[in-house]
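>
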Amino acid sequence: MGGVTSSMAAKFAFFPPNPPSYKLVMDPATGLLLLDPFPHRENVDVLRLKTRRGNEIAAVYVRYPMATSTLLYSHGNATDIGQMYDYSGYGRSSGKPSEHNTYADIQAAYNCLLENYGAKQEDIILYGQSVGSGPTVDLATRLPRLRAVVLHSPILSGLRVMYPVKRTYWFDIYKNIDKIPMVRCPVLVIHVSHL
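First residue of the sequence shown: 139, per this note's numbering; consecutive thereafter.
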């Protein structure tokens with residue numbers, strides 16, 4: 139039943155841009171993967187990462203020689219890789235958007251930072267914007283030594299975006315309100331209710 143519910147929730151929760159804002163192209167001269175139409179920069183790596191759920195997601199790593207921390211950014215809805223890594227079913231990433239796929243997607247991006255770029259958990263800041271707060275909070279609950287978590291216009295849960303419910307139902311997605319007490323690092327919440 140959970141799979142059916144998750145599929146139904148995904149129809150209301152995810153809006154990948156159509157068409158995607160970019161293309162992945164291989165530079166025939168260098169063999170490097172590039173984002174078209176963006177110009178190539180020496181300090182930027184374009185990647186395709188395999189997730190534990192079998193999808194391939196597009197990601198971008200930007201190097202800065204003086205950096206002391208690494209930011210892992212999970213974008214909001216209705217945008218794609220212009221924001222650093224894509225969810226399954228967004229942009230040029232395979233699979234379908236779903237709550238569980240986004241958890242696998244952020245884990246793949248996190249693993250890439252550790253394995254390919256030598257980042258350490260205590261130097262990583264997770265940043266989740268809107269729907270990106272779901273995978274951000276979920277990953278943060280399993281990483282006790284993170285530098286920090288930034289939640290930009292986070293959601294309490296998928297259902298609470300649409301209805302003013304006071305409890306968590308079994309069919310809800312992104313149950314951030316129930317998970318946030320398990321995060322063990324500093325958390326900054328950025329949210330504006332009215333301009």
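Don't be surprised by glycine CBs; every beta carbon is placed ideally from N, CA and C.
Keep in mind the model is a prediction, meaning the values are calculated, not measured.
What do you reckon, is the C-beta of Met222 under 7 Å from a heavy atom of the ligand PLP?
What this structure holds is no ligand at all, so the ligand PLP is not there to describe.
> Buried or exposed, going by whether 16 or more other CB atoms sit within 10 Å of the CB of Ile328?
Exposed, since its Cβ has fewer than 16 Cβ neighbours within 10 Å.
> Under DSSP, the beta strand (DSSP E) around Glu194 begins and ends at which residues?
Counting along the chain, the beta strand (DSSP E) containing Glu194 begins and ends at 194–200.
> My output table needs one value for Met139: the three-state DSSP class, helix, strand or coil.
Confidence in Met139 is poor, its pLDDT being 46 and thus under 50, which makes the residue's placement too unreliable to answer from.
> Taking the DSSP output, what are the residues bridged to Ser212?
Ser212 pairs with Gly266.
> What is the rounded straight-line gap between the Cα of Asp183 and the Cα of Arg201?
Looking at the two C-alpha atoms, the distance is approximately 8 Å.
> Counting Cβ pairs closer than 8 Å, one from the region 264–284 and one from the region 301–321, do we hit at least three?
The region 264–284 vs the region 301–321: in contact.
> Count the CB pairs spanning the region 201–210 and the region 150–161 that are closer than 8 Å, and state whether there are at least three.
No: fewer than three Cβ pairs fall under 8 Å.
> Can you tell me whether Leu277 is buried or exposed, with buried defined as 16 or more other CB within 10 angstroms of its CB?
Buried is the call here.
> Kindly confirm or deny that the region 318–328 and the region 288–308 touch, where touching means at least three C-beta pairs closer than 8 Å.
With a cut-off of 8 Å, the region 288–308 and the region 318–328 count as touching, because enough Cβ pairs lie within range.
> To the nearest angstrom, how far is it from the Cα of Lys234 to the Cα of Ser226?
When rounded, the distance between both Cα atoms is 5 Å.
> Relative to the C-alpha of Phe176, which candidate in Val198, Gly214, Glu237, Arg190 has its C-alpha closest?
Nearest of Val198, Gly214, Glu237, Arg190 to Phe176, Cα basis: Val198.
> DSSP three-state call for Leu173: helix, strand or coil?
In the structure shown, Leu173 sits in a strand (DSSP, three-state: E or B).
> Roughly how many angstroms separate the alpha carbons of Thr168 and Arg179, rounded to a whole number?
Using only the alpha carbons, I get a separation of about 13 Å.
> Which residue marks the beginning of the alpha helix (DSSP H) containing Val275, and which one marks its end?
Unbroken alpha helix (DSSP H) run through Val275: 271–278.
> Start and end of the alpha helix (DSSP H) containing Arg298?
Looking at the DSSP string, the run of the alpha helix (DSSP H) that includes Arg298 is 296–300.
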